[in-house]
Amino acid sequence: MSSTTLEKKGREILFQYLEKESFLNRYVRMEGFEEDCRLCPYYGKRWSCPPGLPDTCSYLEPYQSLCLAALKVNYPEAVREEAAKDAVRAARIREERYESAKKELLLKLLELEERIPGSRTLGAGRCILCEHCAREQGKPCRYPLKRRYSITGFGLDFGRMLKDVFGLELLWADSGLPEYDVAVAALFLREKM
Ligand code: SF4
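So the mapping is simple: the numbering used here equals the position in the sequence shown, first residue as 1, plus 35.
See the structure below:
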């Protein structure tokens, strides 16, 4: 299976079109994902995330196919060395390079939704449209028309998708930053590809 890659300033975006039914059969986790979500510091604090999300298969029932997109943000060695010295600096670099790229990806997918009637995005992790989600204050979402559910919050096996579809591993760093961070989002389509 070959994917398409776009590269820009230390970022790569990889795309792959897939048939929805086989995608769900392979990647929906039937067990354990809710427990994993509870460990996330954003559990119950983002309207894009559990608890309270619709059932995955019912929500995606109208769609036939999808374009899976992996966003890979590379951290050059000099940047990693700098990040390893200072956790606050590392967090700032990640915010500037990775979180902002995730937001751009979401906005691009929302643009595509407008051009492709009936399409729907699942976002790369928690919603990052607002600095502080209204859910933290028990208030309704500020932008319900733009908010999209998290692909991982829907129980889709992120690590397995990455490896199978794009040949990428999830990386971690004991301190500072890994060689790259990677996020996955998807645009679901009504037509078969
Ligand atoms: S749009 Fe804002 S209020 Fe709504 S889920 Fe996203 S972060 Fe929360």
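Virtual Cβ for every residue (Gly too), placed ideally from N, Cα, C.
Query                                                                                                                                                                   : Result
Which residue from 107, 99 and 92 puts its Cα closest to that of residue 43?                                                                                            : 107
Distance check for residue 227 and residue 116, CA to CA, integer angstroms please.                                                                                     : 46 Å
Would you mind working out which of 92, 76 and 120 sits nearest residue 209, comparing C-alpha positions?                                                               : 120
Can you tell me the Cβ-Cβ gap for residue 216 and residue 133, rounded? I've got them flagged as a contact below 8 Å.                                                   : 5 Å
So is residue 135 buried or exposed if we call it buried at 16+ other beta carbons inside 10 Å?                                                                         : exposed
Report all residues for which the CB-ligand distance to some heavy atom of the ligand SF4 is below 7 Å; order them along the chain.                                     : 81, 82, 83, 162, 163, 164, 165, 168, 169, 170, 176, 177, 178, 179, 181 and 182
Just the C-alpha distance for residue 17 and residue 222, rounded to the nearest angstrom, thanks.                                                                      : Residue 17 lies beyond the residue range present for the chain, which begins at 36 and ends at 228; the question has no answer from this structure.
By alpha-carbon positions, which one of 175, 156, 125 and 167 ends up nearest to residue 103?                                                                           : 156
Can you tell me whether residue 62 is buried or exposed, with buried defined as 16 or more other CB within 10 angstroms of its CB?                                      : buried
For residue 68, which of helix, strand or coil comes out of DSSP?                                                                                                       : helix
How should residue 83 be labelled, buried or exposed, when 16 other C-beta atoms within 10 angstroms of its C-beta is the threshold for buried?                         : buried
Output the residue ranges of the beta strand (DSSP E) runs that lie fully inside the stretch 73-151 and measure 3 residues or longer, sorted by chain position.         : 100-109
Going by DSSP, what residue range makes up the beta strand (DSSP E) through residue 61?                                                                                 : Segment 55-62 is the alpha helix (DSSP H) holding residue 61; no beta strand (DSSP E) there.
From the DSSP output, in three-state form, read off residue 157 for me.                                                                                                 : strand
Taking the alpha carbon of residue 58 as the reference point, which residue from 66, 48, 91 and 126 has its own alpha carbon closest?                                   : 91
Can you list, in chain order, the stretches of the alpha helix (DSSP H) that have 4 or more residues and sit fully within the stretch 188-218?                          : 193-201
Between residue 212 and residue 127, which are expected to be in contact by the criterion C-beta below 8 Å, what is the C-beta distance as a whole number of angstroms? : Contact doesn't hold; Cβ gap of about 11 Å is too wide.
How should residue 74 be labelled, buried or exposed, when 16 other C-beta atoms within 10 angstroms of its C-beta is the threshold for buried?                         : exposed
Can you say whether residue 172 is buried or exposed, counting buried as having 16 or more other CB atoms within 10 angstroms of its CB?                                : exposed
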